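The block underneath contains the structure these notes are about, expressed in structure tokens.
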Amino acid sequence: KWSEEEGLYPNIAKGIKLIALDSEYKKDYLSSLQVKGLLEIIDTSSLTGLRDYAICALMATTGLRTISIIKANIEDLRTVGEYTALYYEGKGHNEKTNYVKIAPPVENAIRAYLAKRGAVQGKSPLFTSAANRNNGERMTTRSISRIAKQALVNAGFCSEKYTAHSFRHTAGTIALRNNVNITEVQKMLGHKNIIPTLIYAHAIDREKNNTEII
């Protein structure tokens, strides 16, 4: 349209109707019981297992994006009131001013991993790679996505609709199911506006609607 108005080229898309896109989330989520089952089958007898357990538990309870997790350092674990919180760099920001509170069992999992890893400093990555070529270095979003996907597959969730983002979807859905205020869920997920958060609420309203089976 702009090129036509500027006299550069005719608008070849004139008259084409846009396809209505589904506003629902494209990834499936887990129930709280399914999350519990998934975590229970992660083998925590090794350093890698402790790390993977901590990562999955953190994502499922806080909804953190993979990029926020890989950028996290040990020093970003700080005390807020009576809880331990993880400060992170929000989407579109370059400072770690946002934080999520960490449930005690999840904190224990992170501390157990760090204790076994040993010789760590404040500015060290919270989670590090265990691969031979970059052992001890900061992980990538691809590696965390792979860990999340493998955990889902091992737990029997083999559909393409289950990915690392499913953990974020899970955190938001479980929070709303537990009657957490939607604006608080918005803050936890780091949504700039409430519209993406409302999609979670609409999904829950629909699943509670039993009109078809009455």
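Everything in the sequence shown is counted per this note's numbering, starting at 30 for the first residue and increasing by one.
Note that the Cβ used here is the ideal one computed from N, Cα and C, for glycine as well.
Values in this document were obtained by computation on a predicted structure and should not be read as measured data.
Which residue or residues does DSSP assign as beta-bridge partners of residue i?
i: Y128; result: Y116
i: R154; result: Note on residue identity: the sequence assigns Pro, not Arg, to residue 154. N102, per the DSSP bridge assignment.
Check whether the Cβ of residue i lies closer than 7 angstroms to any heavy atom of the ligand MN, and answer yes or no.
i: P39; result: Absence of the ligand MN is noted for the structure shown, with no ligands found whatsoever.
Taking 7 angstroms as the limit between beta carbons, can you name the residues of its chain near residue i, skipping five residues before and five after?
i: A184; result: G66, L67 and I70
i: L115; result: A101, D105, L106, Y128, V129 and I131
i: F156; result: R80, I84, I98 and M168
i: A42; result: none
i: R235; result: none
How is residue i classed by DSSP in three states: helix, strand or coil?
i: P39; result: coil
i: L59; result: coil
i: V149; result: coil
i: R167; result: strand
i: I70; result: coil
i: I223; result: coil
i: D51; result: Only weak support exists for where D51 lies, its pLDDT of 48 falling under 50; the value from the coordinates is given anyway. If DSSP states are grouped into helix, strand and coil, D51 belongs with coil.
i: N201; result: Residue identity differs from the one stated: residue 201 is Gly in this sequence, not Asn. Note: G201 maps to helix in three-state DSSP.
i: K237; result: helix
i: A177; result: helix
i: K30; result: coil
i: I139; result: helix
i: K65; result: helix
i: R206; result: helix
i: I96; result: helix
i: I228; result: helix
i: A144; result: helix
i: N183; result: helix
i: N161; result: helix
Beta-carbon within less than 6 angstroms of residue i's beta-carbon, same chain only, minus the 5 sequence neighbours each way: which residues are those?
i: L181; result: Y191
i: Y112; result: K130
i: S32; result: Y38
How far does the beta strand (DSSP E) with residue i in it reach, from first residue to last?
i: T108; result: L106 to V109
For residue i, which residues from the same chain have a beta carbon less than 8 angstroms from its beta carbon, with the 5 sequence-adjacent residues on both sides left out?
i: N137; result: none
i: T108; result: A114
Say whether chain D places a C-beta atom closer than 8 angstroms to the C-beta of residue i.
i: V182; result: Absent from the structure: chain D. Only one protein chain is present.
With respect to the alpha helix (DSSP H) encompassing residue i, which residues constitute its N-terminal and C-terminal limits?
i: T192; result: Element bounds for T192: n/a, residue is neither H nor E.
i: K270; result: As displayed, the chain neither begins before 30 nor continues past 243, which places residue 270 out of reach and without an answer.
i: G78; result: L76 to T91
Should residue i and residue j be called a contact, given that it needs their Cβ atoms to be closer than 8 angstroms?
i: I203; j: T212; result: no
i: G165; j: G92; result: no
i: I228; j: L205; result: no
i: T95; j: A193; result: yes
i: V135; j: T90; result: yes
i: T226; j: V209; result: no
i: L143; j: I176; result: no
i: G110; j: G219; result: no
i: S158; j: S172; result: yes
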